[in-house]
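Q:
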Amino acid sequence: MSIQVENISKRFGKFQALEPLSLEIPDGQLIGLLGPSGSGKTTLLRIIAGLETADTGRILFHGEDVTRVHVRDRRVGFVFQHYALFRHMTVAQNIAFGLEVMPKASRPGAAEIRKRVSDLLEMVQLGHLATRYPAQLSGGQKQRVALARALAMQPQVLLLDEPFGALDAKVRKDLRRWLRSLHDELHFTSVFVTHDQEEALELSDQVVVMSAGRIEQVDTPQTLYAQPDSRFVLGFLGHINVLQGEIQAGRLSQGDAWIGLPESTLPVGEAQCYLRPHEVRLQLTPEAHAHLPLRISAVSLIGAEVRIELEADGWQSPEPWEVGISHAQYNEWQPMRGDRCYAVPDVGHLFTSE
Ligand code: ATP
């Protein structure tokens, strides 16, 4: 089921929560709405669901205008951050609930309901907990029940609002992977809201980056990360190292720091150069194409690589620099707080803007 958002806007009193915006969601994709708090993600999701009315525009499901179709008739499944399970019902009863209260004409028979619930329990790997009550479940298990309950109605579209927001980091990661594989198996069209870049990049086929009621960019995670359209998207998708300076004679320079630029890049004047942590190497001596003296302010050994935090040495940087080095390089170099070194950018990855 494809979804088209056409010229949708929304105002709450004087506040414009969504500027007129349009979006095409292809059938079977998992789409992340990513943006800072207040950027309008939830409002857009609620308008797609039919829980909120837009001031302008239309929503189409598979080419059909559903703008005025009631939420109940849109065949949309929801999962919210707070599970909203019925406390006095078991896991199985929670999953069956939506089916049991359907109008008699469309309600499946009792045997069919039992079969659907048992299939869903298996799918969300909770068969052994069918008779438990929500209070006896962990957060991750509750969220899987909420998902099974949404899927029981065989929705055409699944909408998730910060579904893993209330869970701790490890459970979040596991559930993310699990949702992705469930999605690949069932191929429903889903839209989920998150303000977590890592979550959006890991889970989505396409990410819709929002800011102040606008769509900034829609792209695959790979393209967004490698070719951001704007300074906002670039900065929102992870740490960036910045050299802010003046372009002159083929160099971007400030104080003791400079980076050589390919001849054709930019006119003379003020400019900024942005580098992701993995687009920079650290060395004890500068290279011919760049001179970026830094002083180490912190070394963190946690994770797959060693993260080095650095301060500009002889020039100004709005924020500390961050560079990841391999454990092998760490062992050889043994960098310490206060040590001096040079950043060597991979020139091919320079993102420059005036
Ligand atoms: P968060 O990540 O914090 O949930 P969001 O990107 O989902 O943020 P929305 O919940 O869509 O943002 O809200 C967008 C803006 O609209 C916010 O500034 C919010 O305060 C405002 N807003 C949302 N719902 C209402 C409402 N019912 N009445 C008035 N203002 C609202």
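Be aware that the sequence shown starts at 1, since it is given in UniProt numbering, and climbs by one per residue.
Beta carbons are placed, not taken as given, at the ideal position from N, Cα and C, and that holds for glycine.
With distances taken between CB atoms, is the gap from residue 18 to residue 200 smaller than 7 Å?
A: Within the sequence shown, numbered from 1, the residue matching residue 18 stands at position 18. Within the sequence shown, numbered from 1, the residue matching residue 200 stands at position 200. Going by C-beta atoms, residue 18 is not nearer than 7 Å to residue 200.
Q: Taking C-alpha atoms, which residue in 92, 319, 30 and 181 lies nearest to residue 275?
A: Looking up residue 275 in the sequence shown gives position 275. Minimum Cα distance to residue 275 is reached at 319.
Q: Beta-carbon separation of residue 155 and residue 77 under 7 Å?
A: On the sequence shown, residue 155 is found 155 positions in, with the first residue counted as 1. On the sequence shown, residue 77 is found 77 positions in, with the first residue counted as 1. Yes. Within cutoff.
Q: Taking a contact to mean a Cβ-Cβ separation below 7 Å, would you say residue 45 touches residue 161 in this structure?
A: Counting from 1 along the sequence shown, the entry for residue 45 is found at position 45. Counting from 1 along the sequence shown, the entry for residue 161 is found at position 161. In this structure, residue 161 lies closer than 7 Å to residue 45 by Cβ.
Q: Counting along the chain, where does the alpha helix (DSSP H) carrying residue 46 start and finish?
A: Along the sequence shown, one-based indexing puts residue 46 at 46. Its alpha helix (DSSP H) spans residues 41-49.
Q: Taking the continuous beta strand (DSSP E) assigned at residue 240, which residues delimit it?
A: The count along the sequence shown starts at 1 and reaches residue 240 at position 240. Run containing residue 240: none; DSSP gives neither H nor E here.
Q: Among 346, 317, 316 and 296, which has the Cα closest to the Cα of residue 308?
A: Translated into the one-based positions of the sequence shown, residue 308 becomes position 308. Ranking the options by Cα distance to residue 308, first place goes to 296.
Q: I believe residue 61 touches residue 1 by the beta-carbon criterion, under 8 Å. Please report the beta-carbon distance rounded to the nearest angstrom.
A: To locate residue 61, count along the sequence shown from 1; it is residue 61. To locate residue 1, count along the sequence shown from 1; it is residue 1. With 8 Å as the limit, residue 61 and residue 1 qualify as a contact, their Cβ atoms being about 6 Å apart.
Q: Consult DSSP for residue 56 and reduce its assignment to one of helix, strand or coil.
A: Translated into the one-based positions of the sequence shown, residue 56 becomes position 56. Looking at residue 56 - three-state DSSP - the assignment turns out to be strand.
Q: In the DSSP assignment, find the unbroken alpha helix (DSSP H) run with residue 170 in it and report its ends.
A: The sequence position of residue 170 within the sequence shown is 170, counting from 1. From DSSP, the alpha helix (DSSP H) with residue 170 extends over 169-186.
Q: Please state if the CB of residue 255 and the CB of residue 314 are separated by a distance shorter than 7 Å.
A: Reading the sequence shown from its first residue, position 314 is the one you call residue 314. Reading the sequence shown from its first residue, position 255 is the one you call residue 255. Yes; because the gap between Cβ atoms is below 7 Å, this pair is in contact.
Q: Are residue 321 and residue 291 close, meaning C-beta to C-beta below 7 Å?
A: Here residue 321 corresponds to residue number 321 of the sequence shown, with the count starting at 1. Here residue 291 corresponds to residue number 291 of the sequence shown, with the count starting at 1. Taking 7 Å as the Cβ cut-off, residue 321 and residue 291 do not qualify as a contacting pair.
Q: Would you check if the distance between the CB atom of residue 192 and the CB atom of residue 211 is smaller than 7 Å?
A: Taking the sequence shown and counting its residues from 1, the one referred to as residue 192 is at position 192. Taking the sequence shown and counting its residues from 1, the one referred to as residue 211 is at position 211. Against a cut-off of 7 Å, the Cβ pair of residue 211 and residue 192 comes out as no contact.
Q: My assumption, with CB atoms under 8 Å, is that residue 242 sits in contact with residue 224. Please give the rounded CB distance.
A: Within the sequence shown, the letter at position 242 stands for residue 242. Within the sequence shown, the letter at position 224 stands for residue 224. Contact doesn't hold; Cβ gap of about 19 Å is too wide.
Q: For residue 343, verify whether its CB is less than 6 Å away from any heavy atom of the ligand ATP.
A: Position 343 of the sequence shown, counted from the first residue, corresponds to residue 343. No, since every heavy atom of the ligand ATP falls outside the 6 Å radius drawn around the Cβ of residue 343.
Q: Which residue's Cα is closest to the Cα of residue 244: 253, 338 and 73?
A: Taking the first residue of the sequence shown as position 1, residue 244 is located at position 244. The residue with the shortest Cα to Cα distance from residue 244 is 253.
Q: Would you kindly check if the distance between the Cβ of residue 167 and the Cβ of residue 127 is under 7 Å?
A: Start at 1 with the first residue of the sequence shown, and residue 127 comes out as number 127. Start at 1 with the first residue of the sequence shown, and residue 167 comes out as number 167. Their beta carbons are not under 7 Å apart, which means residue 127 does not touch residue 167 by this criterion.
Q: Excluding five sequence neighbours on each side, which residues of the same chain lie with their C-beta closer than 6 Å to the C-beta of residue 74?
A: The count along the sequence shown starts at 1 and reaches residue 74 at position 74. The residues are 50 and 66.
Q: Apart from the five residues just before and just after residue 30, which ones in its own chain have a Cβ nearer than 6 Å to its Cβ?
A: For this step, residue 30 is matched to residue 30 along the sequence shown. Same-chain partners within the cutoff: 183, 190, 204 and 205.
Q: Distance check for residue 287 and residue 151, CA to CA, integer angstroms please.
A: As a first step, residue 151 is located in the sequence shown; it is residue number 151 there, counting from the start. As a first step, residue 287 is located in the sequence shown; it is residue number 287 there, counting from the start. Distance between the alpha carbons of residue 151 and residue 287 is about 57 Å.
Q: Would you mind listing the alpha helix (DSSP H) stretches within the region 67-134 that are 4+ residues and don't spill past its ends, in chain order?
A: For the region 67-134, whole alpha helix (DSSP H) runs of length 4 or above, ordered along the chain, are 91-100 and 110-123.
Q: Any heavy atom of the ligand ZN inside 6 Å of the beta-carbon of residue 154?
A: The model depicted lacks the ligand ZN and carries the ligand ATP instead.
Q: Could you check which residue in 323, 197 and 174 has the C-alpha nearest to that of residue 240?
A: Residue 240 sits at position 240 when you count from the first residue of the sequence shown. Nearest C-alpha to residue 240: 323.
Q: List the whole-angstrom C-beta distance separating residue 92 from residue 131, where the pair is believed to meet the contact cut-off of C-beta under 8 Å.
A: Within the sequence shown, residue 92 is the residue found at index 92, counting from 1. Within the sequence shown, residue 131 is the residue found at index 131, counting from 1. Rounded, the Cβ-Cβ distance is 7 Å, consistent with contact.
Q: Just to check, is the beta-carbon of residue 17 closer than 6 Å to a non-hydrogen atom of the ligand ATP?
A: Translated into the one-based positions of the sequence shown, residue 17 becomes position 17. Yes, the beta carbon of residue 17 sits closer than 6 Å to at least one heavy atom of the ligand ATP.
Q: Could you please give the first and the last residue of the uninterrupted beta strand (DSSP E) stretch that includes residue 281?
A: Along the sequence shown, read from residue 1 onward, the residue named residue 281 stands at position 281. 280-283 is the extent of the beta strand (DSSP E) around residue 281.
Q: Report the rounded CA-to-CA distance for residue 85 versus residue 339, giving the unit in angstroms.
A: Counting from 1 along the sequence shown, the entry for residue 85 is found at position 85. Counting from 1 along the sequence shown, the entry for residue 339 is found at position 339. C-alpha separation (whole angstroms): 55 Å.
Q: Am I right that residue 383 and residue 345 are in contact with their C-beta atoms under 8 Å? What's the rounded C-beta distance?
A: Lying outside 1 to 354, the shown extent of the chain, residue 383 is not represented and no answer is given.
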